[in-house]
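Have a look at the structure below, then the notes.
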Amino acid sequence: MQIDIYSDPHLYDAAHVWKTNDIEFITNCALEHGDPILEMASGTGRLAVPLIKKGFNYTGVEISEPFVEFTKKKLTSINTNYNIVQGDMKSIDLKQKYKFIFIGFNSICHLLTNQELSAFFNCVYAHLMDGGLFLIDTFVPNPIFLYRPKHKTYVMEFDLPNGERCIVNEINQYDPDTQINKIKWFFESSRVDQFIFDMHMIYPDTMDRLLNESGFVINDKFGDYDMSPFSSESHLQIYSCTK
Ligand SMILES: C[S@@+](CC[C@H](N)C(=O)[O-])C[C@H]1O[C@@H](n2cnc3c(N)ncnc32)[C@H](O)[C@@H]1O
Numbered sequence: 033m034q035i036d037i038y039s040d041p042h043l044y045d046a047a048h049v050w051k052t053n054d055i056e057f058i059t060n061c062a063l064e065h066g067d068p069i070l071e072m073a074s075g076t077g078r079l080a081v082p083l084i085k086k087g088f089n090y091t092g093v094e095i096s097e098p099f100v101e102f103t104k105k106k107l108t109s110i111n112t113n114y115n116i117v118q119g120d121m122k123s124i125d126l127k128q129k130y131k132f133i134f135i136g137f138n139s140i141c142h143l144l145t146n147q148e149l150s151a152f153f154n155c156v157y158a159h160l161m162d163g164g165l166f167l168i169d170t171f172v173p174n175p176i177f178l179y180r181p182k183h184k185t186y187v188m189e190f191d192l193p194n195g196e197r198c199i200v201n202e203i204n205q206y207d208p209d210t211q212i213n214k215i216k217w218f219f220e221s222s223r224v225d226q227f228i229f230d231m232h233m234i235y236p237d238t239m240d241r242l243l244n245e246s247g248f249v250i251n252d253k254f255g256d257y258d259m260s261p262f263s264s265e266s267h268l269q270i271y272s273c274t275k
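Dropping the structure here:
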């Protein structure tokens, strides 16, 4: 069966319990730069939860309606100092400016063309206060991954909401002309479901150019959450930008 993990917040949360290594870094950025905070592509509130627990004034923009409804319920049980808005991060107009805006966990790769990336950067620019910080956290495209053999590769395993163990294997097909990596995940438990999604491989030189064209100044580029400088060995590209 075809599934859409971005329509199923319980499945998304179950599959991503392992992703915690960015929380301290994002929280420290928030502590340093202050609120109000805007997260683009806020998902199921994975990063909203620790920020709201610390008392920050937080807004998340998320395109998936089921995720928005689920997240509102999840966050209300913590406190009500948040706003989750359903919308497209390329074009939303929140009629407010923010001190700290971020997009985490490779979400920027869902913007599939450079035109979409530029529209997104312009939208962020319009929402960023003077002196505010814009942070991007995404992986560096890796040719070993993009051009690997065409057989299923193990990605992760986790417990489904019904308690069954689920193994995720994937295959991918990369098109260097469009720079889009087509990924097929096989969720294998007592049955096999497929989730197919596209990711835009954004190379650092493209990111630099499009950010500059949108008026951003890149102040720091880190290669990991420990804030080590970005290098040719880095797996992550973490951008810290101002207007
Ligand atoms: C990898 S998940 C990350 C979610 C969350 N930020 C986290 O760290 O767990 C990517 C999210 O981007 C959302 N998304 C994709 N395109 C979007 C768009 N154009 N505007 C807003 N959200 C979008 C998806 O629905 C999904 O929730």
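For any residue, its number in my numbering is found by taking its place in the sequence shown, counting from 1, and adding 32. Just so you know, even glycine gets a beta-carbon here, dropped at the ideal spot from N, CA and C.
> How long is the line joining the alpha carbons of residue 227 and residue 242, rounded to whole angstroms?
Replying inline: Within the model, the alpha-carbon separation for residue 227 versus residue 242 is close to 30 Å.
> Residues bridged to residue 198 by DSSP?
Replying inline: In the DSSP output, where bridge partners are listed per residue, residue 198 has 190.
> Taking Cβ positions, are residue 128 and residue 94 nearer each other than 8 Å?
Replying inline: When the beta-carbon positions are compared, residue 128 and residue 94 stay at least 8 Å from each other.
> Hey, residue 213 and residue 178: beta-carbon distance below 8 Å or not?
Replying inline: Cβ atoms of residue 213 and residue 178: closer than 8 Å.
>> Please return the same chain residues whose Cβ sits closer than 8 Å to the Cβ of residue 59, not counting the five positions on each side in sequence.
In response: Cβ neighbours of residue 59 beyond the five flanking positions: 82, 83, 86.
> What number of angstroms, rounded off, separates the C-alpha of residue 62 from the C-alpha of residue 102?
Replying inline: Taking C-alpha positions only, residue 62 is separated from residue 102 by approximately 24 Å.
>> In whole angstroms, give me the CA-to-CA distance for residue 144 and residue 230.
In response: Cα to Cα, residue 144 sits roughly 8 Å from residue 230.
>> Under 7 Å: does the beta carbon of residue 182 sit that close to some heavy atom of ligand 1?
In response: Checking every heavy atom of ligand 1 against the Cβ of residue 182, none is found closer than 7 Å.
> Of the residues 151, 258, 215, which one's Cα is nearest the Cα of residue 36?
Replying inline: Checked all of 151, 258, 215; the closest Cα to residue 36 is 215.
> So what does DSSP say about residue 259, is it helix, strand or coil?
Replying inline: Here residue 259 carries a coil assignment [DSSP, helix/strand/coil].
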